[in-house]
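Peer 1:
Residue numbers (our numbering), protein chains in the order written: chain A, 47 to 210; chain B, 118 to 367.
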C-alpha cells in the first residue's frame with residue numbers, strides 16, 4: 047500500500063465531491079510529492095502529504111469550477127452557539143449517514159476540510175494549521191463555526207431548506 | 118472560570134487541546150453551570166454524529182496500481198534526454214526513498230532489541246483488537262482494575278482513569294511481553310483503542326519518551342520510576358503523547 051493513500055483519497059474525495067476528480071487529484075499530488083521530495087524534512091509525513099493534496103485540490107477547483115462563486119470565510123467573529131438543539135434529534139440524524147454526508151457537503155470547503163482532518167483523521171490543531179496554512183486560533187474558530195452549522199443542519203432534517 | 122471563557126475554550130476542550138489545569142477548570146465549571154454543561158453535551162453529540170455518521174471514502178480498487186504506473190512513467194519521461202540516465206535513476210531512487218520515508222519515519226534509529234520488542238508490542242496490540250479479548254477486567258474504575266492485577270503479577274502498576282481528559286479507561290488485561298507477564302491497560306480516544314503495557318524495567322534509570330512507528334501503529338515507550346511503559350495505538354502521536362503526560366503525572 048502506498049503510504050497515506052487512504053487519508054489522501056478521503057480528503058480529496060471530500061473536497062472535490064466526486065470519485066473521478068478525487069482520483070485525478072490524488073495522482074497529481076503523489077507526482078508532486080515525488081517531485082518536491084527535496085523539500086521534505088521527514089518529520090511528519092502525513093501532514094506534509096495532505097498539505098500537497100489540499101493545495102492540489104484547490105488548484106484543481108479553481109481551474110475546473112470557475113463558475114462557482116468563491117465563498118469568503120469570515121474568521122473574525124467568535125461563534126456563541128445560540129441554538130438549544132435537541133441532542134436526541136442529532137443522534138437520530140447521525141444514524142442516517144446520508145444526512146451527515148449532506149450536512150458536511152453543505153459546508154464551504156474551508157470549513158469542511160478542517161472538520162474532515164479533525165474528526166476523521168484525528169489530527170491536532172497544530173497539524174491542521176500546518177496543512178491549511180492558517181494560525182492555530184483560526185483552526186479552532188473555524189471548527190467552532192463549522193460545528194455550529196452542522197448542529198443546526200443535523201437538528202433540522204430538511205437540509206435543502208437549511209442550506210438556502 | 119466564567120461562561121464566556123468556557124465558551125471560547127470549549128472546542129479546545131472537546132478536542133483535547135487544553136492543558137491539564139484548564140481542563141480541570143472546565144470540568145469544575147460544567148459541574149456548576151447547567152447552561153455550559155448543556156452546550157458541552159450538544160457539542161459532544163455533534164462530534165460523535167460526525168465521527169460515526171460521516172463516510173470515510175476508501176480509494177477505489179485499482180487506484181493504487183494506476184498511481185504506481187504513473188509514478189513509473191513520470192520517472193521514464195524524465196529519462197528521455199540522452200544523458201539523463203542519472204536523472205532517471207535519481208527520480209527512481211527519490212520515489213523509493215519517499216515511499217520508505219513516508220512509511221517508516223523513525224524506526225531506523227532504534228537498536229535491534231527495541232525493534233523486536235516493538236514488533237511484539239504491535240502484535241499484542243493487534244491481537245487485542247482482533248480476538249474480541251480486549252480486556253480481562255472491563256471496568257472504568259481504577260480501584261477495580263488495580264486490585265485485579267494483584268496475585269496475577271509480581272508488581273503493582275499505577276492505574277489512572279483520564280476520562281475527563283478524553284482518555285477514558287476501559288479495562289485491564291494480562292499480556293506477555295519481553296519474556297514476562299505484563300499489565301495491559303486499555304484506554305480509548307474517540308474510536309481509537311490505546312493499549313498501555315507496563316512492567317518492571319530491567320534498567321532502573323528513567324528515560325525520555327521515544328517514538329516509533331510500525332505497520333501503521335504509533336508506539337511511544339519510556340521508563341519511569343522503575344517501570345517500562347509502551348503505548349500502542351493508531352491514534353496520532355501528538356494525542357498519544359498527551360496520554361503519556363497524564364500517565365507520567367500519576
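Even glycine gets a Cβ: it sits at the ideal position worked out from N, Cα and C.
This structure is a prediction, so every number in the text was calculated from the model and none was measured.
Spell out whether any CB of chain A is found under 8 Å from the CB atom of residue 168 (chain B).
Peer 2: Here the question's residue 168 (chain B) lines up with position 51 in the second chain. Yes, its Cβ sits closer than 8 Å to a Cβ of chain A.
Peer 1: Hey, would you say residue 318 (chain B) sits closer than 8 Å to residue 343 (chain B), going by beta carbons?
Peer 2: In the second chain, counting from the first residue as 1, residue 318 (chain B) sits at position 201. In the second chain, counting from the first residue as 1, residue 343 (chain B) sits at position 226. Their beta carbons are under 8 Å apart, which means residue 318 (chain B) touches residue 343 (chain B) by this criterion.
Peer 1: Identify every residue that forms a DSSP beta bridge with residue 328 (chain B).
Peer 2: Start at 1 with the first residue of the second chain, and residue 328 (chain B) comes out as number 211. Bridge partners of residue 328 (chain B): B:337.
Peer 1: According to DSSP, is residue 169 (chain B) helix, strand or coil?
Peer 2: To locate residue 169 (chain B), count along the second chain from 1; it is residue 52. Looking at residue 169 (chain B) - three-state DSSP - the assignment turns out to be helix.
Peer 1: Between residue 184 (chain B) and chain A, is any beta-carbon pair separated by less than 8 Å?
Peer 2: Here residue 184 (chain B) is taken as the residue at index 67 of the second chain, counted from 1. So yes, residue 184 (chain B) belongs to the interface.
Peer 1: Would you mind stating whether residue 99 (chain B) and residue 329 (chain B) have Cβ atoms separated by less than 8 Å?
Peer 2: The shown model of chain B, from 118 to 367, leaves out residue 99 (chain B), and the question about it has no answer.
Peer 1: With 8 Å set as the bound, which would you pick, yes or no: does the beta-carbon of residue 160 (chain B) sit closer than that to a beta-carbon of chain A?
Peer 2: Residue 160 (chain B) sits at position 43 when you count from the first residue of the second chain. Chain A contact via Cβ: present.
Peer 1: Using a Cβ cut-off of 9 Å, which residues of the stretch 302-322 of chain B contact any Cβ in chain A, in chain order?
Peer 2: Within the stretch 302-322 of chain B, the qualifying residues are 306, 307, 308 and 309.
Peer 1: In the DSSP output, what is residue 292 (chain B) paired with across the bridge?
Peer 2: The residue labelled residue 292 (chain B) in the question sits at position 175 within the second chain. DSSP, once it has assigned bridges, lists B:299 as partnering residue 292 (chain B).
Peer 1: Determine, using beta carbons only, whether residue 100 (chain A) and residue 178 (chain A) come nearer to each other than 8 Å.
Peer 2: By 1-based counting over the first chain, the position of residue 100 (chain A) is 54. By 1-based counting over the first chain, the position of residue 178 (chain A) is 132. Yes; because the gap between Cβ atoms is below 8 Å, this pair is in contact.
Peer 1: Check this for me: beta carbons of residue 356 (chain B) and residue 168 (chain A), under 8 Å apart or not?
Peer 2: Position 239 of the second chain, counted from the first residue, corresponds to residue 356 (chain B). Position 122 of the first chain, counted from the first residue, corresponds to residue 168 (chain A). Yes, they are a contact pair.
Peer 1: Does any residue of chain A have a CB that is nearer than 8 Å to the CB of residue 174 (chain B)?
Peer 2: Translated into the one-based positions of the second chain, residue 174 (chain B) becomes position 57. Yes, because at least one Cβ of chain A sits closer than 8 Å to the Cβ of residue 174 (chain B).
Peer 1: Buried or exposed: residue 388 (chain B), going by 16 or more other Cβ atoms within 10 Å of its Cβ?
Peer 2: No answer is possible for residue 388 (chain B): it lies beyond the span of chain B, which begins at 118 and ends at 367.
Peer 1: Tell me, which residues are paired with residue 187 (chain B) by DSSP?
Peer 2: Taking the second chain and counting its residues from 1, the one referred to as residue 187 (chain B) is at position 70. In the DSSP output, where bridge partners are listed per residue, residue 187 (chain B) has none listed.
Peer 1: Select from the stretch 151-167 of chain A all residues with a C-beta closer than 9 Å to any C-beta belonging to chain B, and list them in chain order.
Peer 2: Here the close residues are 161, 162, 164, 165, 166 and 167.
Peer 1: Hey, does residue 190 (chain A) have any beta-carbon neighbour from chain B nearer than 8 Å?
Peer 2: Taking the first chain and counting its residues from 1, the one referred to as residue 190 (chain A) is at position 144. Yes - at least one Cβ of chain B is within 8 Å of the one on residue 190 (chain A).
Peer 1: Which residue marks the beginning of the beta strand (DSSP E) containing residue 272 (chain B), and which one marks its end?
Peer 2: Here residue 272 (chain B) refers to the residue found at position 155 of the second chain. Run containing residue 272 (chain B): none; DSSP gives neither H nor E here.
Peer 1: Pick helix, strand or coil for residue 255 (chain B), following the three-state DSSP scheme.
Peer 2: Walking along the second chain from the start, residue 255 (chain B) turns up at place 138. Three-state result, residue 255 (chain B): strand.
Peer 1: Kindly confirm or deny that the stretch 320-328 of chain B and the stretch 292-304 of chain B touch, where touching means at least three C-beta pairs closer than 8 Å.
Peer 2: Short answer: they don't touch.
Peer 1: Hey, would you say residue 281 (chain B) sits closer than 8 Å to residue 158 (chain B), going by beta carbons?
Peer 2: Your numbering for residue 281 (chain B) matches position 164 in the second chain. Your numbering for residue 158 (chain B) matches position 41 in the second chain. Taking 8 Å as the Cβ cut-off, residue 281 (chain B) and residue 158 (chain B) do not qualify as a contacting pair.
Peer 1: Mind listing the chain B neighbours of residue 52 (chain A)? Cutoff is C-beta to C-beta under 7 Å, in chain order.
Peer 2: Locating residue 52 (chain A) in the first chain gives position 6, counting from the first residue. Correct list: 175 and 176.
Peer 1: Nearest-angstrom Cα distance between residue 308 (chain B) and residue 193 (chain B)?
Peer 2: Counting from one through the second chain, the residue named residue 308 (chain B) turns up at place 191. Counting from one through the second chain, the residue named residue 193 (chain B) turns up at place 76. Whole-angstrom Cα-Cα distance: 43 Å.
Peer 1: Between which two residues does the beta strand (DSSP E) containing residue 315 (chain B) stretch?
Peer 2: Residue numbering aside, residue 315 (chain B) sits at position 198 when the second chain is read from its first letter. Per DSSP, residue 315 (chain B) belongs to the beta strand (DSSP E) from 309-317.
Peer 1: Could you check which residue in A:196, A:77, A:109 and A:184 has the C-alpha nearest to that of residue 187 (chain B)?
Peer 2: As a first step, residue 187 (chain B) must be located in the second chain, where it is residue number 70. The candidate whose alpha carbon is nearest that of residue 187 (chain B) is A:77.
Peer 1: Keeping to the same chain, check which residues put their C-beta closer than 7 Å to that of residue 332 (chain B); ignore five residues upstream and five downstream.
Peer 2: By one-based count along the second chain, residue 332 (chain B) stands at place 215. Contacts found: 239.
Peer 1: Using the three-state DSSP reduction, which class does residue 91 (chain A) fall into: helix, strand or coil?
Peer 2: The count along the first chain starts at 1 and reaches residue 91 (chain A) at position 45. Looking at residue 91 (chain A) - three-state DSSP - the assignment turns out to be helix.
Peer 1: Quick check on residue 100 (chain A) - is its C-beta less than 8 Å from some C-beta in chain B?
Peer 2: As a position in the first chain, residue 100 (chain A) is number 54, starting the count at 1. No, residue 100 (chain A) lies away from the interface with chain B (no Cβ there is under 8 Å from its Cβ).
Peer 1: From this set, B:274, B:166, B:179 and B:352, which residue's C-alpha is nearest residue 315 (chain B)'s C-alpha?
Peer 2: By one-based count along the second chain, residue 315 (chain B) stands at place 198. When only C-alpha atoms are compared, the closest one is B:274.
Peer 1: Flag residue 385 (chain B) as yes if its beta-carbon sits less than 8 Å from any beta-carbon of chain A, otherwise no.
Peer 2: Any answer about residue 385 (chain B) is impossible in this case: the structure gives chain B only from 118 up to 367.
Peer 1: At least one CB of chain B closer than 8 Å to the CB of residue 96 (chain A): is that the case?
Peer 2: Taking the first chain and counting its residues from 1, the one referred to as residue 96 (chain A) is at position 50. Not one chain B Cβ lies under 8 Å of residue 96 (chain A).
Peer 1: What's the call for residue 102 (chain A), buried or exposed, on a 16-neighbour Cβ count within 10 Å?
Peer 2: As a first step, residue 102 (chain A) is located in the first chain; it is residue number 56 there, counting from the start. So residue 102 (chain A) counts as buried.
Peer 1: Mind checking if residue 163 (chain B) is an interface residue toward chain A, Cβ cutoff 8 Å exclusive?
Peer 2: Here residue 163 (chain B) refers to the residue found at position 46 of the second chain. Closer than 8 Å: yes.
Peer 1: Starting from residue 54 (chain A), trace the beta strand (DSSP E) in both directions and tell me its first and last residue.
Peer 2: Counting from one through the first chain, the residue named residue 54 (chain A) turns up at place 8. Careful: residue 54 (chain A) lies outside any beta strand (DSSP E), inside the alpha helix (DSSP H) at 51-62.
Peer 1: Taking only beta carbons into account, state which residues of the stretch 121-135 of chain B come closer than 7 Å to chain A, listed in chain order.
Peer 2: The residues in question are 124, 125, 128, 129, 132 and 134.
Peer 1: Are residue 259 (chain B) and residue 283 (chain B) close, meaning C-beta to C-beta below 8 Å?
Peer 2: What you label residue 259 (chain B) is simply residue 142 of the second chain in a count that begins at 1. What you label residue 283 (chain B) is simply residue 166 of the second chain in a count that begins at 1. Not in contact: residue 259 (chain B) and residue 283 (chain B) (Cβ atoms no closer than 8 Å).
Peer 1: At the level of alpha carbons, what is the spacing between residue 234 (chain B) and residue 347 (chain B)?
Peer 2: For this step, residue 234 (chain B) is matched to residue 117 along the second chain. For this step, residue 347 (chain B) is matched to residue 230 along the second chain. Going by the C-alpha atoms only, they are around 10 Å apart.
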